[in-house]
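Residue numbers (our numbering), protein chains in the order written: chain B, 1485 to 1867; chain P, 1485 to 1867.
Written as structure tokens, this is what we have:
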């Protein structure tokens, strides 16, 4: 077969299969915390696709872009001069890496975390053999500080604070966690995979958010994902680390490649997503992100209002651009919406659906969705 | 600033920084086991860039492509019908996942592996708290079977066989390892990150290679990287698992996403590299890969001959498309080559450089390189 024909046939096959996917650009994915990347992300990604940051001396240019991206994020999170950063594939690897550092530093076993911790901690428990000490939630769905205090003991490897929970976008009382951990000399990891690109701008927009980052002296590490609210492409998370020396805890000798040691979990990793996240950061800048967050929050409030109008209650008043919509007939609503090509994520134990107002979600999409949600709820007897 | 201007300025900045990178397409990267991806890989990657296989019900099409890719690789490795596959980011994650499965299955602690095991096992030791029991190498740089037998004990979690070592491309005596592990009921993981796309075709090309894959009843898991000799883009590895039920050992409940459970280490992961590897597999097919390997081996033999002509000895006769060139003045040669824009990888403890004949390396490139290598060796007093 002619080579070009073969190419065309394969691309046609891929296109045909892809029709079965939902797409971010359609606006019909309403429950994911991932996003349709900014157009400049794709362009930059492709340019650096074949580079390998796991073999850094082959790609000193790409390595420089990585440093610039880490500098942008470190600055966003008020990281001190002594800090370091590790590019990771996303929140899960960020959490694993943070726990790896903590375990190496203090050789202890128990992670104290709330019931709304991301499920990656169950992987950490299984892979690393660490024990999860679960703390109940307050009525606002945050970690209960008084319960937490009782669980601290000489075997505590780390405490987890959540800045933008997976379920509802809630923010734990990080200043209190920081004080406790600072006083008790405990490792405090903040999972800001979702909130890391949101909270700094909420503050600038005069939302009343307490500090959550390295301004708090008890915070040890923060995980933040550019492929979530950083408006960039998968896979790109970053773990920012208060003391860059701690990265040595995850470094092993690496014969056969161009660096003597390699830190972090991944070996080979493309510079593509790094260049993408950097290009978006450079394109939007702090001002651009601020406008983006302002817009997402506007649409969140708009959606909240529209949901109220059709009589659907929220689990809590949104802290950020995440809405938990309470439903009695959860499965029926979710399945029917899915059949009608709308995807919301289901949170069984809260009996709610999660709607996330990501950058690609417009008021027009909400205006299209709300009547469909209302009709669906009526049809299954929810309303 | 006009939006389009901003875009242009950022792309110019990226292009300028990228000039500091070495590139696969230039042919001057001679030591890496990564490759310039096949053109169809890039095209397919971009099409699926924003899909997230960590949230599979949103992307049933992409999920289907993943299944097709796993089927292709399973077939290549003679995996039984009961087998399963897990897409991973590369060899490191493949090795970690295999050891995670083994540890969950038997709750033991000691990995038996040779001194040429990839450095990712040092990460495994540190992250998972498993102990590495190092077995010396034979004069052919393979695991010493009699030493290995003495180290097996009731605490053995897994045995590692290497099918294409990082250093020299050597292949351990996998049939013997398989017999031992089958008899002793031990978990046998094969690291074929590099060799997995090579050895099956060497056999078809009448090289005298013993079996290394699931044809051997003692083999439990095989790690194989499409972003190495699969001629595709980073990050794409696959772990093929003899019994798909074992994947449950790495599965945790995953609220907030569209699947009830998620297996494997990482959460969010793009379908881009999956579609890329599938497109390359479809484009080349088994015949195309066979021709590719035949060509790489031809150039390997050609390079071997040229090296002999200029008087540089090899560490061993190449098993596959990897050459270890012995040098007394290792650092001086490598540094001087690097200054002249040629990159070979340095293996200190063998006092050799590694040259890997990846798909983008042509005879013309070797013809260009050999005189430069000769001149460099003469200048530093190696020759």
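Built from N, CA and C at the ideal position, the CB exists for glycine as well.
query	result
7 angstroms Cβ cutoff, residue 1554(B) in contact with chain P	no
Inside the region 1614–1689 of chain P only - beta strand (DSSP E) runs reaching at least 3 residues	1615–1619, 1640–1646 and 1672–1675
Counted within 10 angstroms of its Cβ, other Cβ atoms place residue 1865(B) as buried (16 or more) or exposed	exposed
Residue 1814(P) to residue 1555(P) span [Cα, whole Å]	43 angstroms
Minimum Cβ-Cβ distance from residue 1546(P) to chain B less than 7 angstroms	yes
Classification of residue 1486(P) by the beta-carbon crowding that lies within 10 angstroms, buried from 16 upward	exposed
Cβ-Cβ distance between residue 1583(B) and residue 1608(B) below 7 angstroms	yes
Three or more C-beta pairs below 8 angstroms linking the region 1534–1543 of chain B and the region 1743–1756 of chain B	yes
Simplified DSSP state of residue 1741(P), which is helix, strand or coil	coil
Assumed close pair residue 1760(P), residue 1521(P) - CB separation to whole angstroms, cut-off 8 angstroms	7 angstroms
Residue 1798(P) in three-state terms, based on DSSP	strand
Of the residues 1494(P), 1544(P), 1565(P) and 1801(P), the one placed nearest residue 1724(P), counting alpha carbons only	1565(P)
Contact with chain B by residue 1694(P), beta-carbon distance below 7 angstroms	no
Run of the beta strand (DSSP E) containing residue 1707(P), from where it starts to where it stops	1705–1709
Residue-level contact to chain P via CB, residue 1846(B), 7 angstroms cutoff	no
Min CB distance residue 1524(B) to chain P below 7 angstroms	yes
Host alpha helix (DSSP H) of residue 1793(P) (start-end)	1756–1793
Segment limits, alpha helix (DSSP H) that includes residue 1575(B)	1575–1590
Residue of 1763(P), 1592(P) and 1639(P) minimising C-alpha distance to residue 1532(P)	1763(P)
CB of residue 1525(P) within 7 angstroms of CB of residue 1765(P), strictly	no
Proximity to residue 1573(B) [Cα-Cα], best of 1812(B), 1816(B), 1750(B) and 1507(B)	1750(B)
Three-state secondary structure assigned by DSSP to residue 1848(P)	helix
Residues near residue 1801(P) by beta carbon distance below 7 angstroms, same chain, minus five either side	none
Residue range of the unbroken alpha helix (DSSP H) whose run includes residue 1821(B)	1814–1823
Residue 1607(B) - containing alpha helix (DSSP H), residue span	1604–1612
Residue 1838(P) - partner residues in DSSP beta bridges	1808(P) and 1829(P)
Unbroken alpha helix (DSSP H) run spanning residue 1545(B), endpoints	1544–1560
Proximal residues to residue 1625(B) (C-beta, below 8 angstroms), its chain only, five neighbours per side dropped	1600, 1649, 1651, 1652, 1654, 1799 and 1800
Beta carbon of residue 1777(P) nearer than 7 angstroms to that of residue 1682(P)	yes
Min CB distance residue 1738(B) to chain P below 7 angstroms	yes
Contacts of residue 1518(P) in chain B (Cβ-Cβ under 8 angstroms)	1534, 1536, 1539 and 1752
Outcome for residue 1656(P) when other beta-carbon atoms lying within 10 angstroms are tallied against a minimum of 16	buried
As assigned by DSSP and simplified to three states, the class of residue 1869(P)	Absent from the model: residue 1869(P). The displayed extent of chain P is 1485 to 1867, so no value can be given.
C-alpha gap between residue 1857(P) and residue 1548(P), whole angstroms	47 angstroms
Residue(s) in a DSSP beta bridge with residue 1594(P)	1615(P) and 1640(P)
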